[in-house]
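Report on the structure given below.
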Amino acid sequence: MTRLLSLLCLLTLVGSALAQPTLRIGGNTRVVGSGAVRLVYGGGSLTNNGSLSLTTGQFAANGSTTYGGTGAATVADLRFSHSTGSSTLNSLLSVTSHATLTANTALNANGQLYLRTDLFPSADMVNEGVLTGTVQGLVTKATLTTGAAPYNSQLSVNLNGSAMRYQWQSSPNNSQWTDVPNATGSTYTANVTVSTYYRCRLTTTNSSYDQTTPPAFLAYTGPSALVLTTSSSPNPVCAGSTATLSVTVTGGSGPYSYTWTAPQGIALSGGNNPTVSVTPGATVSGVQTVTLTVADAGSGTNTAFVNLTVTAPLTVALSASPSATLTCGQISLTLTAGGGTNYTFTNPDGSVLAGSGETRTVSSPGTYSVTVVSSAGCMSTTTITVISNTAVVTVSNPVTTTATINASVSQTFTASGGSGPYSYSLSSGSLPPGLSLATTGGLSGSPTQAGSFTAIVQATDANGCRGLGLPFVVTVGSTPSDLALVLFAQPALVYGPTSVSVVVSVYELNGVATSGPVSVKLSEDTMLKLGFDPAATSVGGKPVQNPLWRFSGPVDGMYTLTSTQPLPAGGRLSVGLSGPLTPGTTQGRLSVSATVVDPSGTETRLNNNQDAEVIEYFKK
Numbered sequence: 012m013t014r015l016l017s018l019l020c021l022l023t024l025v026g027s028a029l030a031q032p033t034l035r036i037g038g039n040t041r042v043v044g045s046g047a048v049r050l051v052y053g054g055g056s057l058t059n060n061g062s063l064s065l066t067t068g069q070f071a072a073n074g075s076t077t078y079g080g081t082g083a084a085t086v087a088d089l090r091f092s093h094s095t096g097s098s099t100l101n102s103l104l105s106v107t108s109h110a111t112l113t114a115n116t117a118l119n120a121n122g123q124l125y126l127r128t129d130l131f132p133s134a135d136m137v138n139e140g141v142l143t144g145t146v147q148g149l150v151t152k153a154t155l156t157t158g159a160a161p162y163n164s165q166l167s168v169n170l171n172g173s174a175m176r177y178q179w180q181s182s183p184n185n186s187q188w189t190d191v192p193n194a195t196g197s198t199y200t201a202n203v204t205v206s207t208y209y210r211c212r213l214t215t216t217n218s219s220y221d222q223t224t225p226p227a228f229l230a231y232t233g234p235s236a237l238v239l240t241t242s243s244s245p246n247p248v249c250a251g252s253t254a255t256l257s258v259t260v261t262g263g264s265g266p267y268s269y270t271w272t273a274p275q276g277i278a279l280s281g282g283n284n285p286t287v288s289v290t291p292g293a294t295v296s297g298v299q300t301v302t303l304t305v306a307d308a309g310s311g312t313n314t315a316f317v318n319l320t321v322t323a324p325l326t327v328a329l330s331a332s333p334s335a336t337l338t339c340g341q342i343s344l345t346l347t348a349g350g351g352t353n354y355t356f357t358n359p360d361g362s363v364l365a366g367s368g369e370t371r372t373v374s375s376p377g378t379y380s381v382t383v384v385s386s387a388g389c390m391s392t393t394t395i396t397v398i399s400n401t402a403v404v405t406v407s408n409p410v411t412t413t414a415t416i417n418a419s420v421s422q423t424f425t426a427s428g429g430s431g432p433y434s435y436s437l438s439s440g441s442l443p444p445g446l447s448l449a450t451t452g453g454l455s456g457s458p459t460q461a462g463s464f465t466a467i468v469q470a471t472d473a474n475g476c477r478g479l480g481l482p483f484v485v486t487v488g489s490t491p492s493d494l495a496l497v498l499f500a501q502p503a504l505v506y507g508p509t510s511v512s513v514v515v516s517v518y519e520l521n522g523v524a525t526s527g528p529v530s531v532k533l534s535e536d537t538m539l540k541l542g543f544d545p546a547a548t549s550v551g552g553k554p555v556q557n558p559l560w561r562f563s564g565p566v567d568g569m570y571t572l573t574s575t576q577p578l579p580a581g582g583r584l585s586v587g588l589s590g591p592l593t594p595g596t597t598q599g600r601l602s603v604s605a606t607v608v609d610p611s612g613t614e615t616r617l618n619n620n621q622d623a624e625v626i627e628y629f630k631k
């Protein structure tokens with residue numbers, strides 16, 4: 012019979028009075044029920060700072076409930092049965108018999124839902140709703156936990172329901188866990204032949220809940236049989252090659268002894284060890300059976316058989332056509348392999364000779380090899396030596412590849428390899444008009460046309476062997492600028508400290524403007540401190556264009572003056588500096604020198620790029 016529980020501190024509350032949004036059990040209040048008492052809470056906040064004890068009764072939350080407080084709570088039957096919303100346990104709620112989460116009900120247990128399986132082993136839970144957080148008191152149940160012979164034990168957990176998903180896991184040492192294949196039901200029957208730990212990983216289809224149950228240890232106390240696991244590599248193996256045989260033994264009791272027996276014609280090495288080597292003789296083929304017998308310390312034995320497939324050895328052939336000799340008339344030949352289908356050709360230096368199939372074309376002397384490998388891994392290698400009665404002639408082009416219209420050119424092509432003397436000729440392309448190639452390899456003349464010209468030169472040695480050079484590209488440029496420099500320093504004779512002016516004029520003489528600004532390097536002297544006025548248009552009575560120049564230095568004994576614009580064809584750019592000359596107590600001569608730098612680097616006449624002036628000084 013279902014009865015409503017009357018509370019000592021709430022004598023007038025019955026029925027729907029418990030469904031109010033807030034209910035608090037005070038610190039000095041004990042709510043106790045016996046028999047089939049049923050406490051129904053309609054939802055809201057339930058704070059228990061006292062004691063709630065329904066050891067054989069039921070607590071049901073019909074609406075979203077937040078349970079908390081500092082008091083203890085133990086119920087036999089716990090039900091969260093509201094169809095919408097979620098409930099939260101913020102304090103420990105112990106269940107001695109059964110907890111139920113119905114469909115569409117969300118519960119965040121936060122580790123506060125405790126199935127008291129420590130005192131009531133059959134305590135369990137059914138999840139048909141949305142479960143998050145964790146649950147205390149989960150157990151892994153086993154129908155049998157020990158045996159001296161192989162046995163079956165059915166495993167189960169105390170959390171079930173349509174929303175649950177299961178993955179059973181096993182471990183030999185309770186630390187390294189692996190999933191049991193195809194073990195995804197609420198129960199799993201384990202066949203125990205060795206002591207093993209089992210647990211279940213619990214997840215749900217509709218929430219992030221993920222928790223593993225405590226492990227159950229299924230002990231096996233009986234003796235284990237010897238289990239032999241053999242391997243062989245390579246298998247198949249070629250006659251004359253070596254294969255490795257090994258065995259892994261489980262069960263029984265160590266130490267183990269090993270006895271290997273090989274058929275006639277197969278050499279066995281390695282003694283009575285778990286790993287041995289076998290080498291079939293050249294006449295052995297087909298499936299050969301190697302026998303292994305293992306005995307343990309308890310007189311248990313087991314025998315295994317290793318079937319080794321032996322394939323016949325390969326014989327590869329290698330020939331050269333039309334012969335194995337390179338000549339000037341036969342600058343390449345063909346190597347042909349036979350005796351297999353998968354060939355690897357190797358150059359004399361050990362690198363792989365590119366290509367496919369059974370042939371390769373070579374043009375250098377040396378020893379070539381070919382290796383063939385069968386589908387069974389059998390390998391055979393042979394070599395052939397290619398000789399040469401002449402060397403390959405190599406042509407080297409001149410280093411300089413630029414020229415100027417009407418400027419003299421003198422370059423030389425050279426050859427190496429073969430036997431001298433060499434004769435040179437134009438194989439293809441063209442040289443600039445005005446240049447000619449001598450049979451001795453000399454390239455000379457004065458080009459008369461600007462542009463880019465490409466020629467390939469051939470060299471023939473004394474034995475008639477020929478070689479071609481790489482394309483030789485000559486670029487002929489227009490007439491370059493010709494810069495001349497004039498330096499004027501005054502006064503030329505000084506007594507004591509005197510102001511000195513230096514004017515440098517740069518002239519273009521070829522009627523060709525410079526390709527960029529020009530620079531002038533002016534020497535520094537410790538007695539003469541020159542300065543630059545960027546606005547000056549006259550220095551020492553001479554016209555200058557200082558606004559068109561930039562001044563820097565001195566660096567490493569030199570001032571640098573750089574124009575801000577190119578020098579026009581036939582034009583002039585002047586720059587002036589001035590400063591005090593202080594002879595001190597000495598007398599002598601002071602030299603001021605300047606050098607103009609061609610911006611394009613193509614100027615051919617350089618003897619007019621420098622000038623200097625001497626100033627004689629006397630102490631006063």
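Following my numbering, the numbering of the sequence shown begins with 12 at its first residue and continues without gaps. No residue lacks a Cβ here, since even glycine has one placed at the ideal position from N, Cα and C.
Just curious, the beta strand (DSSP E) that residue 569 is in, first and last residue? Counting from 1 along the sequence shown, the entry for residue 569 is found at position 558. Segment 569-577, the beta strand (DSSP E) holding residue 569.
Burial state of residue 600 (16 or more Cβ within 10 Å): Sequence index remark: in the sequence shown, residue 600 carries index 589 (1-based). Exposed, by the Cβ-count rule.
With DSSP collapsed to three states, give me the class of residue 619. Within the sequence shown, the letter at position 608 stands for residue 619. Coil at residue 619, not helix or strand.
Starting from residue 538 and walking both ways along the beta strand (DSSP E), at which residues does that stretch end? For the purposes of this step, residue 538 is taken as residue 527 along the sequence shown, with counting starting at 1. No beta strand (DSSP E) contains residue 538, which DSSP labels as neither H nor E.
Report yes if the C-beta distance between residue 339 and residue 521 is below 8 Å; otherwise report no. Numbered from its first residue, the sequence shown carries residue 339 at position 328. Numbered from its first residue, the sequence shown carries residue 521 at position 510. Not a contact, by the Cβ cut-off of 8 Å.
contact_flag[the stretch 291-304, the stretch 325-341] where n(CB pairs < 8 Å) is 3 or more: no
Express the C-alpha separation of residue 142 and residue 51 in angstroms, rounding to a whole number. Position 40 of the sequence shown holds residue 51. Position 131 of the sequence shown holds residue 142. Computed Cα separation, rounded: 21 Å.
Can you tell me whether residue 626 is buried or exposed? The criterion is at least 16 other CB atoms within 10 Å of its CB, across all chains shown. Residue 626 sits at position 615 when you count from the first residue of the sequence shown. Result: buried.
From residue 199 to residue 209, what distance separates their C-alpha atoms? As a working mapping, residue 199 is identified with position 188 in the sequence shown. As a working mapping, residue 209 is identified with position 198 in the sequence shown. The straight-line gap from Cα to Cα measures roughly 10 Å.
Could you please give the first and the last residue of the uninterrupted beta strand (DSSP E) stretch that includes residue 519? As a working note, residue 519 is residue 508 in the sequence shown. It spans 509-519 - the beta strand (DSSP E) in which residue 519 sits, taken as one unbroken run.
With DSSP run on the structure shown, which of helix, strand or coil describes residue 138? The sequence position of residue 138 within the sequence shown is 127, counting from 1. In the structure shown, residue 138 sits in a strand (DSSP, three-state: E or B).
Give the DSSP-derived three-state secondary structure of residue 409 in the structure shown. The residue given as residue 409 occupies position 398 in the sequence shown. The answer is coil: DSSP assigns residue 409 none of H, G, I, E or B.
Could you work out which residue in 168, 265 and 183 is closest to residue 195 when comparing CA atoms only? By 1-based counting over the sequence shown, the position of residue 195 is 184. Checked all of 168, 265 and 183; the closest Cα to residue 195 is 168.
First and last residue of the beta strand (DSSP E) that includes residue 335? On the sequence shown, position 324 is the one that residue 335 refers to. Taken as a continuous stretch (DSSP letters only), residue 335 belongs to no beta strand (DSSP E), as it is neither H nor E.
In chain order, what residues of the same chain lie with their CB nearer than 6 Å to the CB of residue 157, ignoring the 5 residues before and after it? By 1-based counting over the sequence shown, the position of residue 157 is 146. Excluding sequence neighbours, residue 157 sits near 230.
Out of 494, 550, 469 and 462, state which residue places its alpha-carbon closest to the alpha-carbon of residue 501. What you label residue 501 is simply residue 490 of the sequence shown in a count that begins at 1. With distances taken between Cα atoms, residue 501 lies closest to 550.
Contact defined as beta carbons within less than 8 Å: I believe residue 175 pairs with residue 138. What is the distance between those atoms, to the nearest angstrom? Sequence index remark: in the sequence shown, residue 175 carries index 164 (1-based). Sequence index remark: in the sequence shown, residue 138 carries index 127 (1-based). Between residue 138 and residue 175 the Cβ distance is about 6 Å, and since that is below 8 Å, they are a contact.
Outcome for residue 28 when other beta-carbon atoms lying within 10 angstroms are tallied against a minimum of 16: In the sequence shown, counting from the first residue as 1, residue 28 sits at position 17. Below a pLDDT of 50, predicted positions are generally treated as unreliable, and residue 28, at 37, falls in that range; no measurement from the model is reported.
Apart from the five residues on each side of it in sequence, which residues of its chain come closer than 6 Å, Cβ to Cβ, to residue 207? Numbered from its first residue, the sequence shown carries residue 207 at position 196. Hits under 6 Å: 181 and 229.
Using alpha carbons as the reference points, say which of 89, 397, 378 and 321 lies closest to residue 336. The sequence position of residue 336 within the sequence shown is 325, counting from 1. It is 397.
With 16 other CB atoms within 10 Å as the buried threshold, where does residue 297 fall? Here residue 297 corresponds to residue number 286 of the sequence shown, with the count starting at 1. Residue 297 should be labelled exposed.
What are the boundary residues of the beta strand (DSSP E) that residue 221 is part of? In the sequence shown, residue 221 corresponds to position 210, counting from 1. Here the beta strand (DSSP E) through residue 221 covers 221-223.
Taking 7 Å as the line, does the beta carbon of residue 195 fall inside it for any heavy atom of the ligand SAH? Judged by which ligands are present, the structure shown has none, so any question about the ligand SAH falls away.
Report the three-state DSSP secondary structure of residue 202 (helix, strand or coil). In the sequence shown, residue 202 corresponds to position 191, counting from 1. Looking at residue 202 - three-state DSSP - the assignment turns out to be strand.
With which residues is residue 119 paired in a DSSP beta bridge? Sequence index remark: in the sequence shown, residue 119 carries index 108 (1-based). Partner(s): 99 and 143.
Residue 319, DSSP secondary structure in three states: Taking the sequence shown and counting its residues from 1, the one referred to as residue 319 is at position 308. Residue 319: strand per DSSP, three-state reduction.
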